[in-house]
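Here is the structure we will look at, set down as structure tokens.
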Amino acid sequence: SLVMMSDGRHTMTSFMLCTQLNYMAEENTLAPNCICLLKRHVTNILKDGRRVVIILEIDVLKPASEVAGKIGDPTPYTEVNRGFSRDFGKKASSAMPSTPGGGSKIVPIASLNPYQSKWTIRARVTNKSSIRTWSNSRGDGKLFSMEIVDESVSVLVFFVLLHISNVYYVSKGSLKIANKQYTSVKNDYEMTLNGESTILPCEDSSDVPMVQCDFVSIGDLEVKDKDSIVDVIGVCKSVDEVTRLTTKTNREVSKRTLNLMDMSGKMVTVTLWGEEAEKFDGSGQPIVAIKGAKLSDFGGRSLSASFSSTLMINPDIPEAYKLRGWYDKEGHAMDGQSLTEVKGGSGGGLTNWKSISDVKTEHLGHGDKGDYYTCIATIVYLRKENCLYQACPSQDCNKKVVDQQNGMFRCEKCDKEFPNFKYRLILSANIADYGDNQWVTCFQESAEAILGQNAAYLGQLKDSNEAAFDEVFQQANFNTFVFRNRVKLETYNDESRIKATVMDVKPVDHKEYSKRLIMSIRKLASQ
Numbered sequence: 001s002l003v004m005m006s007d008g009r010h011t012m013t014s015f016m017l018c019t020q021l022n023y024m025a026e027e028n029t030l031a032p033n034c035i036c037l038l039k040r041h042v043t044n045i046l047k048d049g050r051r052v053v054i055i056l057e058i059d060v061l062k063p064a065s066e067v068a069g070k071i072g073d074p075t076p077y078t079e080v081n082r083g084f085s086r087d088f089g090k091k092a093s094s095a096m097p098s099t100p101g102g103g104s105k106i107v108p109i110a111s112l113n114p115y116q117s118k119w120t121i122r123a124r125v126t127n128k129s130s131i132r133t134w135s136n137s138r139g140d141g142k143l144f145s146m147e148i149v150d151e152s153v154s155v156l157v158f159f160v161l162l163h164i165s166n167v168y169y170v171s172k173g174s175l176k177i178a179n180k181q182y183t184s185v186k187n188d189y190e191m192t193l194n195g196e197s198t199i200l201p202c203e204d205s206s207d208v209p210m211v212q213c214d215f216v217s218i219g220d221l222e223v224k225d226k227d228s229i230v231d232v233i234g235v236c237k238s239v240d241e242v243t244r245l246t247t248k249t250n251r252e253v254s255k256r257t258l259n260l261m262d263m264s265g266k267m268v269t270v271t272l273w274g275e276e277a278e279k280f281d282g283s284g285q286p287i288v289a290i291k292g293a294k295l296s297d298f299g300g301r302s303l304s305a306s307f308s309s310t311l312m313i314n315p316d317i318p319e320a321y322k323l324r325g326w327y328d329k330e331g332h333a334m335d336g337q338s339l340t341e342v343k344g345g346s347g348g349g350l351t352n353w354k355s356i357s358d359v360k361t362e363h364l365g366h367g368d369k370g371d372y373y374t375c376i377a378t379i380v381y382l383r384k385e386n387c388l389y390q391a392c393p394s395q396d397c398n399k400k401v402v403d404q405q406n407g408m409f410r411c412e413k414c415d416k417e418f419p420n421f422k423y424r425l426i427l428s429a430n431i432a433d434y435g436d437n438q439w440v441t442c443f444q445e446s447a448e449a450i451l452g453q454n455a456a457y458l459g460q461l462k463d464s465n466e467a468a469f470d471e472v473f474q475q476a477n478f479n480t481f482v483f484r485n486r487v488k489l490e491t492y493n494d495e496s497r498i499k500a501t502v503m504d505v506k507p508v509d510h511k512e513y514s515k516r517l518i519m520s521i522r523k524l525a526s527q
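Going left to right, the sequence shown walks through residues 1 to 527 as full-length UniProt numbering numbers them.
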């Protein structure tokens, strides 16, 4: 979108919004007479000598609706008005060194955009992936991706045979909008290099930084969106042996999992793949930093260090020294509260701890998929009416059967009649903690855990001794458990309500619970 700008004295029509900012014109955020602050731009010279100022970042300080009208009496700007107009939009030459061959000036990565035709950057290679093959209707070939960084910002590029930590001059590449779903690099563009591109080693590299990370606390991963790309750093508390699995394309790949803990007291499982999994050495509980790990909600919260991630062991950075000092002094005595569920464990791996009031105020369950959370709550009421039903005796069928009044029971799903049935539980319970209460539905396993009896025994008891049946429910009231619940907004007869289902229920491990409370207190005290 073309934009005419005025500073109150002159007007210029040679401004253009970059692609990412076109929405400002479409949504009328950038409207005639609004007052703006131009924060970042780049000036391009066209073949006919005209200049185009591409707006990369702009803030609207006052919307057009709050401005009375045109400010001043500006006149069109021409180069003859100013003696130094030939330097318009240019920086001092000392800040823009030339390439070794005396060609084009060095351009900061931050100022690159698709509208530039000739440029050279000077940057350090901070990461590169393994070589991959591609094939389509036009042929096949090989590629790998790498990340480079200069003193301004980092960018993702594709090329072959470059060395990590070395610095290069790069020119004659093409730029396109970056797909942020697959990269944590904070740049709007990605660069593609081909046979016409130029890459030259740079010896003068002292002012080009090493890899740049924006670390996220492991404790904060609980509130991050699924599939987020994050940078993390932690102590390797434990590591598993390498395993091998076969992908859908029949390719064998190595896999290794490790557990990282940081000063939040939280621990997360990280999966390494390929060569990184093979060569990783977790002895001595090293500090591990990962740039560009992908966050998953599989089994709570877990991370995957993909082939495009950067793995650093005991990196020479302040965050690593601070973490090592903390761990050697006090962190080593902590078990760490895992954000990743451990199958078959004692419940220590339960994740996303919430109070019942948190579930309501944070509107859990209102998304496309259900939300899971863990809470400690007390049974305050059990609805025993209709909690038992007669189900199909087939091993893989739990459908309700119909009494045929002739000693046989029919299952519509199996389309069969049986001489017997099995009892199944669907128990409605009201659970409460210190702040609120919630109705939940408990199916067979969780209901049996709460009542302390199996469904078959309860069915017999209900038919033979109702007083004893009632006593089972009385004994279960006011017991406290650790609940793993799923909440989801459901609509029935045009009425929407949150349905909560108990996925797992366990007795409270007071030792683990006390550790979690202590860590929470420490975290609050440090804020």
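The beta-carbon is built from N, C-alpha and C at its ideal position, and this holds for glycine as well.
In the DSSP secondary-structure assignment, Gln453 is not bridged to any residue. Counted as a single uninterrupted DSSP element, the alpha helix (DSSP H) harbouring Ser357 occupies residues Ile356 to Thr361.
Of all alpha-carbon atoms in Ile35, Lys291, Gln438 and Val487, the one lying nearest the alpha-carbon of Asn352 is that of Val487. Assignment of Asp470 by DSSP, reduced to helix, strand and coil, places it in the helix class. Taken through DSSP and simplified to helix, strand or coil, Val107 comes out as coil.
The continuous alpha helix (DSSP H) containing Asp328 extends over residues Pro318 to Lys329. Cβ contact annotation for Arg244 (same chain, cutoff 8 Å, sequence separation greater than five): Glu252, Val253, Ser254 and Lys255, in chain order.
Pro315 sits away from Val235, with the two beta carbons spaced by 9 Å or more. Take the alpha-carbon of Cys392 and the one of Asn406: they are about 16 Å apart. The three-state reading of DSSP puts Ser65 in helix, counting H, G and I together. Judged by DSSP in its simplified three-state form, Lys369 adopts coil rather than helix or strand.
Fully enclosed beta strand (DSSP E) runs of no fewer than 3 residues occupy 229-239, 243-246, 252-261, 266-273, 287-296 and 302-305 of the region 229-308, in order along the chain.
When rounded, the separation of the alpha-carbon atoms in Gln475 and Leu451 is 8 Å. A Cβ-Cβ distance of about 13 Å is found for the pair Leu303 and Glu276, leaving them out of contact under the 8 Å criterion. The C-alpha of Lys70 is placed about 21 Å away from the C-alpha of Glu27. Cβ-Cβ distances below 7 Å link Thr29 to Val60 in the same chain, with the five nearest sequence neighbours on each side left out; the list follows chain order. Look at Asn430 here: in three-state DSSP terms it is strand. Setting aside the 5 residues that flank it on each side, Val482 is surrounded in the same chain by Gly347, Ile376, Lys506 and Val508, each with a C-beta closer than 6 Å to its C-beta; the list follows chain order.
Asp415 and Tyr389 have their C-alpha atoms some 18 Å from each other. Within the UniProt domain "Replication factor A C-terminal" (372-517), the beta strand (DSSP E) runs of at least 3 residues that lie entirely inside it are, in chain order, 388-391, 409-411, 416-418, 422-425, 427-432, 437-442, 480-492 and 495-507. DSSP links His332 through a beta bridge to no other residue. Taking a C-beta distance under 9 Å as the contact criterion, Ile54 and Lys39 do not qualify as a contact pair.
When Cβ pairs closer than 8 Å are counted between the two stretches, the region 486-502 is seen not to touch the region 455-466, the count staying below three. Within the same chain, and ignoring the five residues on either side of Phe418 in sequence, the residues whose Cβ sits closer than 6 Å to its Cβ are Pro393 and Phe409.
One thing to note: Ile218 has its Cβ no nearer than 9 Å to the Cβ of Lys294. Excluding its 5 nearest sequence neighbours in each direction, Phe478 has C-beta neighbours in its own chain below 8 Å: Thr378, Ile379 and Val380, listed in chain order. The alpha-carbon separation between Leu272 and Ala305 amounts to approximately 5 Å. Excluding five sequence positions before and after His366, the CB atoms of its chain that fall closer than 7 Å to its own CB belong to Leu489, given in chain order.
Scanning its chain for C-beta atoms nearer than 7 Å, with the 5 sequence neighbours on each side dropped, one finds around Ile35 the residues Leu61, Lys62 and Val67, in chain order.
In the three-state reduction of the DSSP assignment, Arg522 falls in the helix class. Taking the CA atoms as reference points, Lys369 sits about 15 Å from Val359. In the structure shown, the three-state DSSP call for Val125 is strand. The continuous stretches of alpha helix (DSSP H) do not include Glu222, and DSSP gives it neither H nor E. As a beta-bridge residue in DSSP terms, Thr198 pairs with Ser171.
For the alpha helix (DSSP H) assignment, the uninterrupted runs of no fewer than 4 residues enclosed by the region 15-51 are, from N- to C-terminal side, 22-26.
Nearest in C-alpha terms to Ile177, of all of Thr192, Ser171 and Tyr169, is Thr192.
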